[in-house]
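Accompanying notes for the structure given below.
There are 2 protein chains.
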Amino acid sequence: MKNVKGKQTYNEILGQFDSWRKNFNILRERSKEIQSFGIKNRFDNIVLIGCGTSYYLALSTAFLLTNFTKTKTIAIPASEVFFFPRCYLNKTNLIIAISRSGTTTEVLKAVEESRRINQSKVLAIVCREGSPLCRMADLCLAAVDAEDESVVQTRSFTTMYIMLLAYAAMVGGHQECFTELEKLPDIAESVTKGTKKLVEDLGQSKELQTFVFLGSGHNYGLACAAMLNLKETSLSHTEAYHFMEVRHGPFSILDRSTLVIGFVSDSVKEYEISVLKEAASVGAKVLALAKAPVNEAHYNIAVPHLSEYVRSIAFFPALHLLSFYRAIAKGLDPDAPPNLRRVITF
Amino acid sequence: MKNVKGKQTYNEILGQFDSWRKNFNILRERSKEIQSFGIKNRFDNIVLIGCGTSYYLALSTAFLLTNFTKTKTIAIPASEVFFFPRCYLNKTNLIIAISRSGTTTEVLKAVEESRRINQSKVLAIVCREGSPLCRMADLCLAAVDAEDESVVQTRSFTTMYIMLLAYAAMVGGHQECFTELEKLPDIAESVTKGTKKLVEDLGQSKELQTFVFLGSGHNYGLACAAMLNLKETSLSHTEAYHFMEVRHGPFSILDRSTLVIGFVSDSVKEYEISVLKEAASVGAKVLALAKAPVNEAHYNIAVPHLSEYVRSIAFFPALHLLSFYRAIAKGLDPDAPPNLRRVITF
Chain A
1 MKNVKGKQTY NEILGQFDSW RKNFNILRER SKEIQSFGIK NRFDNIVLIG
51 CGTSYYLALS TAFLLTNFTK TKTIAIPASE VFFFPRCYLN KTNLIIAISR
101 SGTTTEVLKA VEESRRINQS KVLAIVCREG SPLCRMADLC LAAVDAEDES
151 VVQTRSFTTM YIMLLAYAAM VGGHQECFTE LEKLPDIAES VTKGTKKLVE
201 DLGQSKELQT FVFLGSGHNY GLACAAMLNL KETSLSHTEA YHFMEVRHGP
251 FSILDRSTLV IGFVSDSVKE YEISVLKEAA SVGAKVLALA KAPVNEAHYN
301 IAVPHLSEYV RSIAFFPALH LLSFYRAIAK GLDPDAPPNL RRVITF
Chain B
347 MKNVKGKQTY NEILGQFDSW RKNFNILRER SKEIQSFGIK NRFDNIVLIG
397 CGTSYYLALS TAFLLTNFTK TKTIAIPASE VFFFPRCYLN KTNLIIAISR
447 SGTTTEVLKA VEESRRINQS KVLAIVCREG SPLCRMADLC LAAVDAEDES
497 VVQTRSFTTM YIMLLAYAAM VGGHQECFTE LEKLPDIAES VTKGTKKLVE
547 DLGQSKELQT FVFLGSGHNY GLACAAMLNL KETSLSHTEA YHFMEVRHGP
597 FSILDRSTLV IGFVSDSVKE YEISVLKEAA SVGAKVLALA KAPVNEAHYN
647 IAVPHLSEYV RSIAFFPALH LLSFYRAIAK GLDPDAPPNL RRVITF
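Residue numbers (our numbering), protein chains in the order written: chain A, 1 to 346; chain B, 347 to 692.
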């Protein structure tokens with residue numbers, strides 16, 4: 001079995017539900033400590049940092065935190081904060097640093113800058129307890145059994161999203177969101193089973209050559225993360241845009257070989273669905289990820305029983321499988337993408 | 347001559363230098379009015395908005411304004427501000443709205459929200475005096491003879507960049523940067539002439555299939571704009587990343603068919619050049635846009651006599667020609683990209 005292509009990636013994709021369950025329980029146990037850190041400190045200027053997939057996670061969470069806590073929160077790639085600390089860190093009193101391994105050099109250096117300039121507090125989001133980033137942090141949320149051994153992030157990404165969403169919900173007083181997270185694993189497991197055939201077919205499609213992911217608000221960072229997962233795993237031509245932004249230029253590349261994948265929100269879905277309709281009208285195939293099936297889409301994955309912030313993560317195992325099947329169909333090994341290392345240091 | 351493919355685009359690309367000269371003179375004449383608006387109002391929370399190429403201009407300028415004026419400035423796509431106004435506009439006391447035509451619906455609606463929520467002041471950056479956006483603004487900087495008739499932005503983009511850079515320099519007290527803008531057109535014209543053969547060859551290359559643009563700081567937004575220009579004009583597979591971010595995933599797609607185009611800064615060039623070197627080591631071709639030729643690059647466009655913020659714009663006519671030649675080589679008409687309209691409204 002050792003030489004089966006993508007075995008590790010496959011197991012980690014389907015191991016996500018267990019990781020979520022385990023870490024949700026840990027979050028619940030630590031909720032007082034987490035709330036006390038986030039609420040008592042009265043942070044009024046937050047900068048989220050990460051690299052690659054973790055930066056896209058930061059982008060998504062910056063929206064959630066701003067929305068849930070009314071606190072000015074921005075996401076910046078760790079390298080840019082390290083390069084231009086005075087540009088981004090003035091007045092920052094909380095830096096939230098995301099790194100699967102807790103060892104990414106750019107993240108550690110940006111955190112050092114933040115300490116030096118502002119004595120900012122540090123919240124670390126990692127998948128490895130005791131890692132250098134944890135040791136630098138005032139509060140460390142370290143996921144257990146979630147650090148993928150694979151190069152490309154799957155369960156580590158979704159588990160860290162859940163930790164950050166739980167943090168935003170606890171600090172912002174959105175208890176209902178935290179409660180919903182308990183239902184997520186079972187629902188997502190059933191959704192994944194139900195759509196396995198669809199994503200296998202789409203992944204194997206020879207007609208589809210370009211994949212464009214779209215999302216508004218918290219879904220933009222998630223669209224970017226799904227895009228990067230497909231790019232890294234299957235070396236496909238993938239792009240991600242804010243939903244309405246695709247109309248301002250990128251539309252030129254849409255044709256019959258394009259699959260447009262839209263994370264449809266609840267709050268502005270009319271606008272988003274009209275973009276999906278426009279994409280279909282120029283020949284693109286459309287996959288909608290939404291609360292209810294979208295008539296205008298050729299393919300749908302619908303998750304009716306979760307609100308939009310929790311729902312988004314339920315689509316990820318299916319999207320990860322899409323990447324997996326596409327890599328296999330192209331004769332690639334998902335476990336070993338070219339040019340990449342699991343941990344990037346310098 | 348009417349049916350020559352891309353005639354309009356070509357003329358607008360080479361007409362940039364005249365547009366810059368004319369509008370620089372206007373900026374100089376209006377400098378007291380501009381300084382008084384930006385300095386006397388003590389804006390401490392600025393949001394820049396735009397769509398497509400104008401959003402990428404906003405991204406670049408947000409860095410410049412933060413850096414030059416030490417004022418917290420962020421760039422958000424106009425649609426996202428319109429969708430989630432409370433998330434982005436709380437405390438915003440200046441909104442800088444960018445739209446070539448001054449009629450883009452998403453921009454107008456975001457400005458309306460900003461007025462409603464905060465009575466924010468509005469600075470409009472447009473290429474059409476008297477347009478709806480101008481009429482809503484407290485200060486309107488309207489470029490003359492810069493609005494391209496073409497669908498894809500060329501001279502309008504660079505001219506609006508110059509207006510925004512001039513604004514940042516005047517308000518932030520960086521007089522030397524404003525002064526340098528006077529030298530820009532002559533230098534850029536000579537750079538463009540000198541590199542025409544290079545970009546024609548690169549544009550016609552059958553080996554190159556994927557184009558990856560990289561930039562840090564203010565260059566990130568510019569890398570995105572160059573990416574979108576090439577995508578729209580030539581329907582090529584193009585991507586743009588923060589310089590260090592390309593190591594966290596996108597590196598997987600780099601191979602002998604990739605051209606990596608790096609906007610090299612002055613301040614962190616050692617890091618950037620090491621990324622270019624890494625790209626070359628996995629087989630990609632590298633074009634460096636820098637102050638001095640980069641040894642590690644296969645191709646160079648060097649502009650020694652301008653500082654980094656002004657220099658970046660000197661590369662654009664050459665990059666626009668790259669898009670133009672690639673479209674022609676693919677049998678496409680640069681004047682008529684598929685699926686797109688010049689002004690996007692809804």
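Cβ coordinates follow ideal geometry from the N, Cα and C atoms, glycine included.
Computed from a predicted model, the values in this text were never measured in an experiment.
Task: Where A:H237 meets chain B, residues with beta-carbon distance less than 7 Å - done: H583
- [ ] Please classify A:H218: does DSSP put it in a helix, a strand, or coil?
- [x] helix
Task: Endpoints, the alpha helix (DSSP H) within which B:P431 is located - done: P431 to L435
Open item on the list: One question on the structure: do A:I261 and A:L287 come within less than 8 Å of each other, judged by their Cβ atoms?
Closed with: yes
TODO: Specify the secondary structure class of B:T525 as computed by DSSP and reduced to three states.
DONE: helix
Task: Contacts of B:T399 in chain A (Cβ-Cβ under 9 Å) - done: H248 and G249
- [ ] Compare the C-beta of B:M506 against all C-beta atoms of chain A and say whether one is closer than 8 Å.
- [x] no
- [ ] Kindly identify the DSSP beta-bridge partner or partners of A:M224.
- [x] Checking the displayed sequence, the identity of residue 224 of chain A turns out to be Cys instead of Met. DSSP, once it has assigned bridges, lists no residue as partnering A:C224.
TODO: Buried or exposed for A:E112, please, with buried defined as at least 16 other CB atoms from any protein chain shown within 10 angstroms of its CB.
DONE: exposed
Open item on the list: Please return the same chain residues whose Cβ sits closer than 7 Å to the Cβ of B:H666, not counting the five positions on each side in sequence.
Closed with: I359, T500 and N575
Open item on the list: Check whether chain B comes within 8 Å of A:T66, counting only Cβ atoms and requiring the distance to be less than that.
Closed with: yes
TODO: Verify the CB distance criterion: does B:I420 have a CB-CB separation below 8 Å to chain A?
DONE: yes
- [ ] Check each residue of the region 261-281 of chain A: if its Cβ is closer than 8 Å to any Cβ of chain B, include it; give the result in chain order.
- [x] S267, V268, Y271 and S274
Task: Within-8 Å CB hit, A:P132 to chain B - done: no
Open item on the list: Among A:P77, A:N295 and A:I49, whose alpha-carbon lies nearest the alpha-carbon of B:Y566?
Closed with: A:P77
Open item on the list: Check for me: the beta strand (DSSP E) holding B:T419 runs from which residue to which?
Closed with: T419 to P423
Task: Inter-residue CB distance, A:I98 and A:I46 (contact presumed, cutoff 8 Å) - done: A:I98 to A:I46, Cβ: 13 Å. No contact.
Open item on the list: Am I right that A:E232 and B:G595 are in contact with their C-beta atoms under 8 Å? What's the rounded C-beta distance?
Closed with: 5 Å
- [ ] Quick one: list the residues of chain B neighbouring A:K206, beta-carbon separation under 9 Å, in chain order.
- [x] Those within 9 Å of A:K206 in chain B number zero; the least Cβ separation is about 18 Å.
TODO: Spatial neighbours of B:R367 within its chain, please: CB distance less than 8 Å, with the 5 preceding and 5 following residues excluded, ordered by chain position.
DONE: P531
Open item on the list: Residues in the same chain with beta-carbon distance under 8 Å from B:M509, minus the five sequence neighbours each way, listed in chain order, please.
Closed with: N369, L373, I471, L487 and A489
Open item on the list: If I follow the unbroken beta strand (DSSP E) through A:T158, where does it start and stop?
Closed with: Taken as a continuous stretch (DSSP letters only), A:T158 belongs to no beta strand (DSSP E), being part of the alpha helix (DSSP H) at R155 to G172.
- [ ] Assess, as a yes-or-no matter, whether the region 69-87 of chain A is touched by the region 101-117 of chain A under the definition of 3 or more beta carbon pairs within less than 8 Å.
- [x] yes
Open item on the list: So the candidates are B:A636, B:A404 and B:T407; which of them puts its Cα closest to the Cα of B:V537?
Closed with: B:A636
Open item on the list: Does any residue of chain B have a CB that is nearer than 8 Å to the CB of A:C177?
Closed with: no
Open item on the list: Using the Cβ count rule (16 or more neighbours within 10 Å means buried), how would you classify A:F346?
Closed with: exposed
TODO: Under 7 Å Cβ to Cβ from B:A643, same chain only, skipping five residues before and after it: list those, please.
DONE: L622, V632, L633 and A634
Task: Beta-carbon proximity check, B:P680 vs B:T355, cutoff 8 Å - done: yes
- [ ] Could you check what DSSP says for A:V4 in three-state terms: helix, strand or coil?
- [x] coil
Open item on the list: Measuring straight from C-alpha to C-alpha, what distance separates A:R128 and A:S156?
Closed with: 10 Å
- [ ] Grab me the residues of B:N436's own chain with a C-beta within less than 8 Å of its C-beta, minus the 5 sequence neighbours each way, in chain order.
- [x] I463 and N464
Open item on the list: Using 8 Å as the threshold, is the C-beta distance between B:H564 and B:Y434 below it?
Closed with: no
Open item on the list: One question on the structure: do B:L678 and B:S580 come within less than 8 Å of each other, judged by their Cβ atoms?
Closed with: yes
TODO: Look at the alpha carbon of A:F243 and the alpha carbon of B:G629, and state the distance between them as a whole number of angstroms.
DONE: 34 Å
Task: Exposure of A:S252, with buried meaning 16 or more beta-carbon neighbours within 10 Å - done: buried
Open item on the list: I need the straight-line Cα distance from B:Q381 to B:L405, nearest angstrom please.
Closed with: 22 Å
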